[in-house]
Amino acid sequence: MKFRTLSYYLSEAVKSLVRNRLMTLASILTVFSCIFILVFSYSVAMNIDHFLAQLEDSLSLSAFIASDVEDSQVLSMLHEIESMENVAQIEYISYDEAFERALEMFANDPMFTLGLTPGIFPRSFIITMEDVSDYSSVVNALQSMVDNDRGLEYVRYHQSIITVISTLSNGIRIISTVMIIILIVLANVIIMNTIRLTINSRRNEITIMKYIGATDWFIKWPFIIEGMLIGLIGAALPVMIVWFGYGGAAEAIHNSFFMVEEVLTFRSAASIFVVLMPLSLSIGMGIGIYGSIISMRKHLQV
Amino acid sequence: MSVITVNNVTKVYENGASGLDKVSLTIKPQDFAFVVGSSGSGKSTLMKLMLKEIEPTSGEIVINNINLGGLAHKEVPYFRRKIGVVFQDFRLLPNKTVYENVAFAMQVVESSSRDIRRTVPAVLAMVGLQRKAKAYPNQLSGGEQQRTALARAIINKPPILLADEPTGNLDPDTAWEIMDLLEDINNRGTTIVIATHAKDIVDEMQKRVITLRNGVLIRDIEKGGYEDEV
Ligand SMILES: Nc1ncnc2c1ncn2[C@@H]1O[C@H](COP(=O)(O)OP(=O)(O)OP(=O)(O)O)[C@@H](O)[C@H]1O
Ligand SMILES: [Mg+2]
Numbered sequence: 367m368k369f370r371t372l373s374y375y376l377s378e379a380v381k382s383l384v385r386n387r388l389m390t391l392a393s394i395l396t397v398f399s400c401i402f403i404l405v406f407s408y409s410v411a412m413n414i415d416h417f418l419a420q421l422e423d424s425l426s427l428s429a430f431i432a433s434d435v436e437d438s439q440v441l442s443m444l445h446e447i448e449s450m451e452n453v454a455q456i457e458y459i460s461y462d463e464a465f466e467r468a469l470e471m472f473a474n475d476p477m478f479t480l481g482l483t484p485g486i487f488p489r490s491f492i493i494t495m496e497d498v499s500d501y502s503s504v505v506n507a508l509q510s511m512v513d514n515d516r517g518l519e520y521v522r523y524h525q526s527i528i529t530v531i532s533t534l535s536n537g538i539r540i541i542s543t544v545m546i547i548i549l550i551v552l553a554n555v556i557i558m559n560t561i562r563l564t565i566n567s568r569r570n571e572i573t574i575m576k577y578i579g580a581t582d583w584f585i586k587w588p589f590i591i592e593g594m595l596i597g598l599i600g601a602a603l604p605v606m607i608v609w610f611g612y613g614g615a616a617e618a619i620h621n622s623f624f625m626v627e628e629v630l631t632f633r634s635a636a637s638i639f640v641v642l643m644p645l646s647l648s649i650g651m652g653i654g655i656y657g658s659i660i661s662m663r664k665h666l667q668v
Numbered sequence: 021m022s023v024i025t026v027n028n029v030t031k032v033y034e035n036g037a038s039g040l041d042k043v044s045l046t047i048k049p050q051d052f053a054f055v056v057g058s059s060g061s062g063k064s065t066l067m068k069l070m071l072k073e074i075e076p077t078s079g080e081i082v083i084n085n086i087n088l089g090g091l092a093h094k095e096v097p098y099f100r101r102k103i104g105v106v107f108q109d110f111r112l113l114p115n116k117t118v119y120e121n122v123a124f125a126m127q128v129v130e131s132s133s134r135d136i137r138r139t140v141p142a143v144l145a146m147v148g149l150q151r152k153a154k155a156y157p158n159q160l161s162g163g164e165q166q167r168t169a170l171a172r173a174i175i176n177k178p179p180i181l182l183a184d185e186p187t188g189n190l191d192p193d194t195a196w197e198i199m200d201l202l203e204d205i206n207n208r209g210t211t212i213v214i215a216t217h218a219k220d221i222v223d224e225m226q227k228r229v230i231t232l233r234n235g236v237l238i239r240d241i242e243k244g245g246y247e248d249e250v
């Protein structure tokens with residue numbers, strides 16, 4: 367394709383966009399909403415995964431050992447738990463260590479530990495998992511040891527926070543996927559109509575072009591480029607907005623949840639947008655090109 | 021040797037209307053031929069068939085050694101580049117200037133901008149429009165609009181020019197100017213076929229006259245007038 371021809375296609379496409387500005391705006395807005403939700407939910411999901419990965423290092427289960435278990439039996443229990451699926455690490459806390467930890471915990475209020483001797487705090491295993499979001503298999507296995515009197519007395523785990531985070535993450539994923547699909551369909555319908563308007567306002571011109579000997583593709587390219595531009599603009603805007611807003615939003619969340627700041631960090635904008643930018647732009651362009659191709663198939667008999 | 025061969029062509033439209041009925045004719049290189057006949061006799065049908073805008077119901081058409089029946093859809097644009105066309109209603113693009121309308125025909129066939137810059141002014145000068153290059157169609161008289169359409173039709177140097185009632189919307193003087201221009205183009209080597217109602221022009225010019233009636237070719241003379249009985 368010659369550069370001159372390309373610039374002809376481009377200028378024709380831009381002229382149409384300006385001529386049907388209302389429809390252009392409507393098309394851009396639908397693509398915008400669609401890509402905005404994509405960009406937003408993708409950023410949130412990436413950060414939630416990132417948080418979960420960080421939490422994995424800090425979240426652990428505690429399994430307390432029944433008082434009737436002999437010290438000699440502890441080692442075989444440790445091996446049993448260690449061999450469970452999804453268990454990354456296991457640490458044994460003896461009576462002495464448990465006592466020391468308690469002393470440390472109440473160092474500021476020594477009256478609570480006054481007169482206590484080692485043996486009062488139960489021995490336990492501290493278990494970290496490979497994948498916290500799949501904590502339930504480990505918890506169930508440990509719980510069945512408790513229920514069947516197989517040496518454990520009690521299992522303690524942070525069920526609530528893990529459940530909340532993974533439910534939230536899945537919810538956001540499902541809702542945004544549904545919305546994105548609906549919006550892609552809507553965007554396609556609106557883009558198809560925009561291109562149809564252009565085709566109608568150019569019927570005369572197309573007839574003349576055919577008499578002059580224009581090829582089908584010479585006639586079609588401006589419409590394809592028009593759809594592509596709609597998609598590209600509609601996708602570039604939300605990418606830009608989220609890109610510039612990302613740092614500020616992360617900071618605001620830090621400031622409003624002081625605990626987050628201590629424990630969790632956000633993913634860098636660059637690490638998210640390296641995937642998100644090409645993804646959004648190509649989805650946007652794809653929607654636009656698809657819309658104009660379908661519209662031409664329906665309304666442009668070349 | 022002929023540039024256009026129409027062989028036993030019949031056209032029946034989808035609604036059953038008869039456009040042409042077993043028409044055969046040949047046009048030789050550099051011919052200047054009028055196609056005449058009353059309204060509805062099939063003149064435009066013949067023109068459209070020659071442009072492969074419509075397909076014959078039966079019979080065959082060969083133009084520039086190309087059998088239109090065997091021409092793939094993809095090949096049609098390249099075939100049309102070898103045929104210039106003008107119409108009664110000019111069919112200019114209202115939002116383009118005279119220069120741009122003519123240049124457009126070169127753009128469509130992807131000529132270089134150097135070629136376009138060189139060729140367009142020369143052709144505008146040939147049709148007498150060099151001063152109107154920057155005007156828009158609605159700022160032109162009918163004659164000037166048809167000159168623009170003619171310039172556009174010949175700019176890619178087609179060997180054949182088809183004109184469907186090119187003077188139908190023009191007053192007699194202007195009509196003569198356009199006919200003179202067409203004769204001029206013919207003298208430079210282009211084969212020309214004109215469908216027309218302009219009886220006095222046909223009578224005066226004494227060229228080839230092909231007469232249709234109800235889709236049937238009833239008369240085809242080498243030199244003559246609209247209706248001189250033999
Ligand atoms: N698209 C069409 N569909 C159906 N019938 C048609 C169509 N075009 C032309 N006809 C019919 O074919 C016949 C020939 O029409 P055509 O347009 O060729 O005549 P014409 O000689 O060009 O007439 P005019 O001098 O008025 O332009 C007419 O009876 C007309 O009604
Ligand atoms: Mg006609």
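Those protein sequence lines, which keep their order, are chains E and R. The first sequence runs 367 to 668 under this note's numbering. The second sequence runs 21 to 250 under this note's numbering. Here a beta-carbon is modelled for each residue, glycine too, at the ideal position from N, C-alpha and C. Note that the coordinates shown come from a computational prediction; the quantities given were computed from them, not determined experimentally.
Collapsing the DSSP output to three states places residue 417 (chain E) in a helix. Any Cβ of chain R closer than 8 Å to the Cβ of residue 636 (chain E) would place that residue at the interface, and such an atom is absent.
As the crow flies, the alpha-carbon of residue 215 (chain R) is around 7 Å from that of residue 64 (chain R). By the neighbour-count definition (other C-beta atoms within 10 Å, threshold 16), residue 587 (chain E) is a buried residue. The continuous beta strand (DSSP E) containing residue 455 (chain E) extends over residues 453–459. Contact holds between the region 162–171 of chain R and the region 112–122 of chain R, because three or more Cβ pairs, one in each stretch, are under 8 Å apart.
Proximity of chain E to residue 113 (chain R) at the Cβ level (cut-off 9 Å) is accounted for by 570, 571 and 574, in chain order. Within the region 123–156 of chain R, contact with chain E at the beta-carbon level (separation under 8 Å) is assigned to 124, 125, 127, 128, 129, 130, 132 and 133.
For the pair residue 449 (chain E) and residue 516 (chain E), the Cα-to-Cα distance works out to about 16 Å. The alpha-carbon of residue 645 (chain E) is positioned some 35 Å away from that of residue 569 (chain E). Where residue 197 (chain R) is concerned, the enclosing alpha helix (DSSP H) starts and stops at 192–207. For the region 102–127 of chain R, the full-length beta strand (DSSP E) segments reaching 3 residues or more read 103–107 along the chain. Residue environment for residue 558 (chain E): buried (at least 16 other C-beta atoms within 10 angstroms of its C-beta). Inclusion of residue 484 (chain E) and residue 462 (chain E) in the CB contact set at 8 Å is warranted, their separation being smaller than that value. Taking the Cβ of residue 37 (chain R) as the reference point, at least one heavy atom of ligand 1 falls within a distance shorter than 7 Å.
In this structure, ligand 1 has no non-hydrogen atom nearer than 7 Å to the beta-carbon of residue 597 (chain E). Looking at the DSSP output, residue 244 (chain R) bridges to R:227.
Contact between the region 204–215 of chain R and the region 181–189 of chain R is present: 3 or more CB-CB pairs across the two stretches fall below 8 Å.
Measuring C-alpha to C-alpha distances from residue 554 (chain E) to each of E:620, E:430, E:388 and E:649 identifies E:649 as the nearest. Distance from residue 54 (chain R) to residue 228 (chain R) at the Cβ level is roughly 7 Å; contact confirmed, criterion being Cβ atoms closer than 8 Å. Residue 39 (chain R) counts as buried, since at least 16 other C-beta atoms from the protein chains shown sit within 10 angstroms of its C-beta. Every unbroken stretch of the alpha helix (DSSP H) spanning 4 or more residues and falling wholly within the region 523–606 of chain E is given here in chain order: 525–567 and 569–578.
Against chain E, the beta carbon of residue 100 (chain R) has neighbours under 8 Å at 576, 577, 578 and 579, listed in chain order.
Residue ranges of uninterrupted beta strand (DSSP E) with 3 or more members, entirely inside the region 432–509 of chain E and ordered along the chain, are 453–459 and 490–495.
In this structure, residue 542 (chain E) sits near residue 403 (chain E), with a CB-CB distance shorter than 8 Å.
For residue 31 (chain R), the three-state secondary structure derived from DSSP is strand. Annotation: residue 592 (chain E) to residue 665 (chain E) spans about 16 Å, alpha carbon to alpha carbon.
Taking a Cβ-Cβ cut-off of 9 Å, residue 639 (chain E) has no neighbours in chain R, whose nearest Cβ is about 39 Å from it. Residue state for residue 54 (chain R) is assigned as strand, using DSSP reduced to three classes. Scanning E:452, E:655, E:640 and E:508 for the CA closest to the CA of residue 595 (chain E) turns up E:655.
In the three-state reduction of the DSSP assignment, residue 188 (chain R) falls in the coil class, being assigned neither a helical nor a strand state.
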